[in-house]
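Here this note's numbering is used: the first residue of the sequence shown is 33, the next is one more, and so on.
Even glycine gets a Cβ: it sits at the ideal position worked out from N, Cα and C.
Predicted, not measured: the structure shown is a model, and the values here were computed from it.
Structure, as structure tokens:
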Amino acid sequence: MSLKHSLLAVLVMVIWGANFVVIDEGLDDVPPLLFLAIRFVLVAFPLILFIPRPEASWRVVVAVGTLMSLGQFSFLYVALDLGLPAGLASLVLQAQVIFTIVIAAVVLKERPTSRQAVGAVIGTVGLVVVIIAHGASSPVVPVLVMLCASMSWAAGNVVARSAGVASGLSLVVWSALVVPVPALLMSLAIDGGHEVGHALTHLSGTAIASTAYTAIGASLIGYGIWNSLLARYPAGAVVPFVLLVPVIGIAVAWAVQDEVPTVLEVIGGVVMLAGVAAATISRRPTRAGTPVPSPPVGSS
Numbered sequence: 033m034s035l036k037h038s039l040l041a042v043l044v045m046v047i048w049g050a051n052f053v054v055i056d057e058g059l060d061d062v063p064p065l066l067f068l069a070i071r072f073v074l075v076a077f078p079l080i081l082f083i084p085r086p087e088a089s090w091r092v093v094v095a096v097g098t099l100m101s102l103g104q105f106s107f108l109y110v111a112l113d114l115g116l117p118a119g120l121a122s123l124v125l126q127a128q129v130i131f132t133i134v135i136a137a138v139v140l141k142e143r144p145t146s147r148q149a150v151g152a153v154i155g156t157v158g159l160v161v162v163i164i165a166h167g168a169s170s171p172v173v174p175v176l177v178m179l180c181a182s183m184s185w186a187a188g189n190v191v192a193r194s195a196g197v198a199s200g201l202s203l204v205v206w207s208a209l210v211v212p213v214p215a216l217l218m219s220l221a222i223d224g225g226h227e228v229g230h231a232l233t234h235l236s237g238t239a240i241a242s243t244a245y246t247a248i249g250a251s252l253i254g255y256g257i258w259n260s261l262l263a264r265y266p267a268g269a270v271v272p273f274v275l276l277v278p279v280i281g282i283a284v285a286w287a288v289q290d291e292v293p294t295v296l297e298v299i300g301g302v303v304m305l306a307g308v309a310a311a312t313i314s315r316r317p318t319r320a321g322t323p324v325p326s327p328p329v330g331s332s
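Following this line, the structure appears as structure tokens:
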């Protein structure tokens with residue numbers, strides 16, 4: 033990759049890495065599922081009026097939207113609302129790489145390479161260390177909820193792959209239609225009409241700025257740049273940049289929210305990322321049939 037495009041890739045990782053803290057800050061004023069509904073309204077409109085529908089059936093678009101967008105981000109927002117530190121969330125979400133390899137092997141019969149298998153095992157060991165380390169000092173439930181987000185994203189990866197659909201901007205925009213109504217209904221059921229109405233009529237500047245950042249910055253600008261890079265270069269040259277997301281996420285959480293990971297969490301995180309790196313980085317261009325985890329859709 034050229035220096036210019038490498039810097040653009042790093043810029044996207046900064047946008048996506050900081051996104052976890054931005055979401056966490058916005059959740060101070062808005063219930064998580066309502067916040068999610070508002071975000072995806074802005075992801076879909078008004079771009080859906082100008083961007084053609086992806087070359088996929090409605091069944092695939094709805095499935096991807098349900099798993100990658102509604103499922104992944106519902107669990108992510110709830111995990112943050114339950115108190116999962118934003119930096120740790122950015123790390124645990126990367127478990128989707130491991131889950132994608134496993135689900136693709138089971139559902140699509142895509143046999144992982146020996147390197148991917150070893151990477152998945154190493155990554156799993158690191159993930160277990162992170163869970164144990166966090167559970168030693170804080171409730172483990174938010175981490176488990178975050179793992180559900182990772183699994184939902186991974187399942188969405190496999191659906192998109194099995195349908196032969198590139199996870200492009202059009203798919204992001206059109207699949208976003210799946211999110212707002214179910215998320216709003218769940219918020220009404222969980223939080224109650226009074227709280228939802230109060231939040232909508234008393235949106236703070238922080239909540240508005242957070243929503244704009246996640247919808248426009250992370251989802252649309254970030255993914256627009258990312259798609260252009262994937263169109264120019266082999267996936268094996270671009271996807272490894274995703275490893276910077278948790279590093280940046282932890283650094284931003286440290287600087288903004290004074291979130292300091294424990295030594296054991298750092299060790300587990302390093303082991304996990306080493307496994308993810310082994311599973312995703314290849315010296316050769318990616319071949320058809322090799323399951324390559326998708327980049328974050330809006331980073332989360």
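- DSSP places A244 within a helical segment (H, G or I) once states are collapsed to three.
- V62 has its alpha-carbon roughly 17 Å from the corresponding atom of P214.
- DSSP places F52 within a helical segment (H, G or I) once states are collapsed to three.
- Counting C-beta pairs with one atom in each stretch, the segment 122-137 and the segment 290-304 have three or more that are closer than 8 Å, which means they touch.
- Look at V211 here: in three-state DSSP terms it is coil, with no helix or strand label.
- The alpha-carbon of V53 is positioned some 9 Å away from that of A121.
- Residue burial is scored here from C-beta neighbours: F105 has at least 16 other C-beta atoms within 10 angstroms and is therefore classed as buried.
- About 5 Å separates the beta carbons of L79 and V205, which is inside the 8 Å limit, making them a contact pair.
- If you keep only unbroken alpha helix (DSSP H) runs of at least 4 residues inside the segment 100-149, you get 104-113, 118-124, 128-139.
- In the displayed model, R193 falls within a helix according to three-state DSSP.
- In the structure shown, F67 falls within a helical segment according to DSSP collapsed to helix, strand and coil.
- Bounds of the alpha helix (DSSP H) holding H226 are 225-233.
- Pairwise C-beta distances place the segment 89-100 out of contact with the segment 261-278, as fewer than three of them are shorter than 8 Å.
- Closest in alpha carbon position to L203, among L217, P212, P293, G188, is G188.
- With fewer than 16 neighbouring CB atoms inside 10 Å of its own CB, T233 falls in the exposed class.
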